[in-house]
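For reference, the structure is listed below as structure tokens.
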Amino acid sequence: MRLFWDRGYDGTSFDDLTAAMGISASSFYNAFGSKEALYQETIDAYVKRAGAWFTTILQEPTDTRSTFAHLLTTAATEFTRDDLPTGCMIAAAATQCAPTQARLRDLLATQRTQSETALATRLQQGIQAGDLPPDTDIKALAAFYSALLRGMAVQARDGIPRERLHEIARIAMQAWPTSP
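Once you know that position 148 of the sequence shown is 810 in our numbering, the rest is easy, because the numbers rise by one and skip nothing.
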């Protein structure tokens with residue numbers, strides 16, 4: 663997972679994978695079938711383990727604004743951890759790839775869409791709870807915060823420090839809808 667996260671699909675060679683796992687080529691193929699199959703398994707593992715904070719925060723029993731503020735500040739911290747590659751493995755992965763890798767592009771686009779849908783679901787819960795104005799454009803607000811999170815992940819990959827990402831998160835909350 664770390665190799666793919668750090669180098670991307672194309673930047674991780676078959677030799678890199680077998681060396682990191684300490685296995686032979688035949689053992690690799692017996693275990694995973696192909697590099698693409700391993701990558702797909704890695705994406706699933708990433709979502710379950712490294713990205714678990716995202717789902718956990720969205721399920722917290724707090725008001726919606728506090729949930730989103732916590733989500734953004736946690737993202738700033740998670741995207742800049744010292745013990746993991748920076749950014750998000752999914753945020754910008756496979757946005758540009760060869761036509762032969764369309765399945766990977768679609769897989770990652772689906773992951774990004776699912777994250778945005780999770781944001782929209784939490785926002786809808788906020789309307790139902792009365793802590794968001796009823797006329798809030800849920801889809802647009804979810805798209806805004808989704809784009810912001812992906813941008814923060816890319817900035818972390820570019821070396822932007824955690825403190826700057828926390829400042830971005832703080833400013834982003836100024837866009838939060840208020841009752842008229």
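Just so it is clear, CB atoms sit at the ideal spot from N, CA and C, and this is done for glycine as well.
Item	Value
Cysteine 761 (DSSP reduced to helix, strand or coil)	For the sequence presented, residue 761 should be read as proline rather than cysteine. Helix.
For arginine 711, three-class secondary structure by DSSP	coil
Counted within 10 angstroms of its Cβ, other Cβ atoms place glutamine 817 as buried (16 or more) or exposed	buried
Distance CB(leucine 781)-CB(proline 839) smaller than 8 Å	no
Close Cβ partners of arginine 651 (< 7 Å) along its chain, the five nearest in sequence each way excluded	The structure shown has nothing for residue 651, since the chain only spans 663 to 842.
Beta-carbon gap between alanine 815 and glycine 713 smaller than 8 Å	no
Classification of isoleucine 822 by the beta-carbon crowding that lies within 10 angstroms, buried from 16 upward	buried
N- and C-terminal bounds of the alpha helix (DSSP H) containing tryptophan 838	No alpha helix (DSSP H) contains tryptophan 838, which DSSP labels as neither H nor E.
CA-to-CA distance, glutamine 758 to tryptophan 715, given in whole angstroms	27 Å
Residue nearest to threonine 841 in terms of C-alpha spacing, selected from Gln790, Ile685, Ala737, Asp797	Correcting the residue type first, residue 841 is serine in the shown sequence and not threonine. Nearest option by C-alpha distance: Asp797.
Expected contact under 8 Å - CB spacing of threonine 726 and leucine 785 to nearest Å	6 Å
Opening and closing residue of the alpha helix (DSSP H) in which arginine 743 lies	Where arginine 743 is concerned, there is no enclosing alpha helix (DSSP H), given that its DSSP letter is neither H nor E.
N- and C-terminal bounds of the alpha helix (DSSP H) containing threonine 680	676–683
Same chain, Cβ closer than 7 Å to alanine 738, five either side skipped, listed in chain order	Met814, Arg824, Leu827, His828, Ala831
8 Å Cβ shell around alanine 834 - same chain, five flanking residues per side excluded	Leu734, Tyr807, Leu810
Anticipated Cβ contact below 8 Å, alanine 764 with arginine 812, distance rounded	In fact, because the Cβ distance is near 20 Å, the residues do not count as touching under 8 Å.
Cβ shell of aspartate 668 (< 6 Å), same chain only, five flanking positions each side left out	Pro747
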